[in-house]
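Quick mapping for you: the protein sequence lines, in order, are chains A and B. Under my numbering, the first residue of the first sequence carries the number 1, and numbering increases by one thereafter. Under my numbering, the first residue of the second sequence carries the number 315, and numbering increases by one thereafter. Notes follow the structure.
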Amino acid sequence: MKHILGNTAIVCCLVISVLTACRPKPDTGSSGKMAVVISTLNNPWFVVLAESAAERARELGYEANIFDSQNNSAKEAEHFDNIIAMEYDAILFNPTDADGSVLNVKRARDAGIPTFCMDREINSRDAAVTQLLSDNFTGCVKLGQYFVRQMQKSGNYVEILGLVGDNNTWNRSNGFHSVVDEFPGLKMLAQQSADFDRNKAMDVMETIMQANPDIDAVFCGNDAMAMGAYQAIRAAGKADHIKVFGFDGARDAVLGIAEGKIEATVMQFPVLMSRTSAELAHEYIQGKRDFSSKTPVEVILITPENVKAYLPED
Amino acid sequence: MKRTFKYIFGIAALLVLLILSLDIRKLDKHLAAQTSDTFDAGEYAARVWEQEIPGVILEASEIGYLVDMLSNEPESIFETRGRKLGISSTWYFMVRGSGIIDSVEEEYLLVRVDGIQVELATAFIFGNAIRDGSGVVDIDEFVNMTDFNNVSIALNQRVKEEVIPELLKVARPGMNLEFAGAVEISEEHIKTNPIRVIPVSVIFADAIQ
Numbered sequence: 001m002k003h004i005l006g007n008t009a010i011v012c013c014l015v016i017s018v019l020t021a022c023r024p025k026p027d028t029g030s031s032g033k034m035a036v037v038i039s040t041l042n043n044p045w046f047v048v049l050a051e052s053a054a055e056r057a058r059e060l061g062y063e064a065n066i067f068d069s070q071n072n073s074a075k076e077a078e079h080f081d082n083i084i085a086m087e088y089d090a091i092l093f094n095p096t097d098a099d100g101s102v103l104n105v106k107r108a109r110d111a112g113i114p115t116f117c118m119d120r121e122i123n124s125r126d127a128a129v130t131q132l133l134s135d136n137f138t139g140c141v142k143l144g145q146y147f148v149r150q151m152q153k154s155g156n157y158v159e160i161l162g163l164v165g166d167n168n169t170w171n172r173s174n175g176f177h178s179v180v181d182e183f184p185g186l187k188m189l190a191q192q193s194a195d196f197d198r199n200k201a202m203d204v205m206e207t208i209m210q211a212n213p214d215i216d217a218v219f220c221g222n223d224a225m226a227m228g229a230y231q232a233i234r235a236a237g238k239a240d241h242i243k244v245f246g247f248d249g250a251r252d253a254v255l256g257i258a259e260g261k262i263e264a265t266v267m268q269f270p271v272l273m274s275r276t277s278a279e280l281a282h283e284y285i286q287g288k289r290d291f292s293s294k295t296p297v298e299v300i301l302i303t304p305e306n307v308k309a310y311l312p313e314d
Numbered sequence: 315m316k317r318t319f320k321y322i323f324g325i326a327a328l329l330v331l332l333i334l335s336l337d338i339r340k341l342d343k344h345l346a347a348q349t350s351d352t353f354d355a356g357e358y359a360a361r362v363w364e365q366e367i368p369g370v371i372l373e374a375s376e377i378g379y380l381v382d383m384l385s386n387e388p389e390s391i392f393e394t395r396g397r398k399l400g401i402s403s404t405w406y407f408m409v410r411g412s413g414i415i416d417s418v419e420e421e422y423l424l425v426r427v428d429g430i431q432v433e434l435a436t437a438f439i440f441g442n443a444i445r446d447g448s449g450v451v452d453i454d455e456f457v458n459m460t461d462f463n464n465v466s467i468a469l470n471q472r473v474k475e476e477v478i479p480e481l482l483k484v485a486r487p488g489m490n491l492e493f494a495g496a497v498e499i500s501e502e503h504i505k506t507n508p509i510r511v512i513p514v515s516v517i518f519a520d521a522i523q
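This is the structure we're talking about:
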């Protein structure tokens, strides 16, 4: 009996060993830690960015933890302190401020922890290993040209900006103005920030409309603000007259284009950016050192002409 | 009464402290401060335009060859003659050719080059076709994307100031010209007939003779 039990135990062990060996393994069997530091998780777009980065890091065999900076640079600095103390292997980073965040990245670098920026830029060539950024400028050059044609080169418009400390805000605005400012028939009546926030944009648009009754269009630095502006415009009964242009390719904006509420947006690819960042961090940990300081990621202009191809599946 | 004064004084002091602790700047001044202090995109573009672009034109593909390759072996021409930036499906090429002006349209000259219709742009000169197509502007040289993008704006400005006015002044249907310029092609929607070219150099046949 003892003999049978012994044999059974050996067979079981063998079966378990074989089954364990057959289980899908992480790509390399790495066992380090990656930190995903995100400017804010109060915006679904950044939630996607954070979760996709963490998911890819886990697929590559790392423990991955997400840190929310809540758009607060002090909070972000605290996260970096903790990450350095906990000796993470890499940081996948979406900064709160192009200038203010440089110091945090340099502190991590000096502690031997490489940082990979995602979507938002820091003003430094050498602090981060590389920066994967949406090509905001080019996207808004395309949007600007579409805007000019939709407006038939004349009319009054307003611009609602994102966070003024974020380079993306200005790359979008500069791209748009590099086109639109060449057409003297297009007059900007107001330019105000709403911090990429839907509710703030609604308030800003309401105030602007009270002071300027003859607006023909609004260009918003992201889709959340475009949807907020649209709400204000609809409440004022001007939805048929004022054209709304956004940026991001957010689900409700894409649906809004299909329904005729929004004129156009520019689609970014947060999943591609964040997954690629995790892969680059993995390559760095494996020994690769030859990285371009910045890698722009192409964005796509979405209009009623091509929206069908970009509608959400559900 | 005394207590009320104390409260008013206290609140006023707090307000003064709060105002002093804020850094309030006008939006347009913040906008002006966005580029790095030391970088002059106009100067950088002038150097590229004057010292690099002439060499780039000499190396440019013949437009007939590019169109033929885009129609028959796009992958090969993307890899051998195309340039793109980062993760993208948009390729840029520098081209040259000579042909005859078919018509002068509002935004371009329609030029016939051995059966190929070329739209030589005279308006809507935007984007990165020259900067990225030329291959002489390296993104790693720049502190931020704003500076890098300002190079595109400055290069396009050179076209608008130095190429387009002369082109519009002289161009008439039936005239022969030689041109060089930048082309943007999407990998997913390859469009070659007509093909749009942003000109960086145009010489009319009369001036050549």
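All C-beta atoms in this analysis are idealised placements derived from N, C-alpha and C, irrespective of residue type, glycine included.
Asked: Neighbouring residues, chain A, relative to D454(B) (Cβ below 9 Å); Found: R125, S292, S293, K294
Asked: Contacting residues, own chain, Cβ-Cβ under 7 Å from F219(A) (five flanking each side not counted); Found: F147, Y157, E159, F176, F245
Asked: Beta-carbon proximity list for A111(A), same chain, < 7 Å, skipping 5 on both sides; Found: I84
Asked: Unbroken beta strand (DSSP E) run spanning V451(B), endpoints; Found: Careful: V451(B) lies outside any beta strand (DSSP E) and carries neither H nor E.
Asked: Residue of L49(A), I300(A), G61(A), F137(A) minimising C-alpha distance to G32(A); Found: G61(A)
Asked: Pairwise C-alpha distance: Q268(A) and G249(A); Found: 6 Å
Asked: Cβ-Cβ distance between L133(A) and P296(A) below 8 Å; Found: yes
Asked: Inter-residue spacing [alpha-carbon to alpha-carbon] between F46(A) and Y422(B); Found: 42 Å
Asked: Below-8 Å beta-carbon distance, S178(A) vs any chain B residue; Found: yes
Asked: Sheet register partners of D220(A) (DSSP bridge); Found: In the sequence as presented, Asp is not what sits at residue 220(A); that position holds Cys. C220(A) is bridged to I160(A).
Asked: DSSP bridge partner residues for N174(A) (one or two, in chain order); Found: Paired residues: none, contrary to the question.
Asked: Straight-line Cα distance separating R317(B) from I325(B); Found: 12 Å
Asked: Spatial distance of A485(B) from I377(B) (CA atoms); Found: 20 Å
Asked: Listed by chain order, chain A residues near P380(B) by CB distance under 7 Å; Found: Per the sequence shown, the amino acid found at residue 380(B) is Leu instead of Pro. Near L380(B) there are no residues of chain A at all, since even the closest Cβ is about 21 Å away, more than 7 Å.
Asked: Of the listed residues V516(B), I453(B), L384(B), V451(B), nearest to E480(B) (C-alpha basis); Found: V516(B)
Asked: Whole-angstrom distance between T138(A) and F462(B), CA atom to CA atom; Found: 11 Å
Asked: Option in V432(B), S500(B), P513(B), Y379(B) with minimal Cα separation from S402(B); Found: S500(B)
Asked: Contact set for F392(B): own chain, Cβ-Cβ below 6 Å, skip 5 residues either direction; Found: W405
Asked: Cβ of F407(B) within 8 Å of any chain A Cβ; Found: no
Asked: S412(B) versus L329(B), V473(B), G488(B), K505(B), residue with shortest Cα-Cα distance; Found: G488(B)
Asked: Of the listed residues E420(B), G369(B), V425(B), nearest to E492(B) (C-alpha basis); Found: V425(B)
Asked: Q150(A): contacting residues in chain B (beta-carbon distance under 8 Å); Found: In chain order: nothing, as chain B lies at least about 14 Å away.
Asked: Residue range of the unbroken beta strand (DSSP E) whose run includes W405(B); Found: 404-418
Asked: Alpha helix (DSSP H) segment containing F462(B), residue limits; Found: 459-472
Asked: Per-residue DSSP class, three states only, for N490(B); Found: strand
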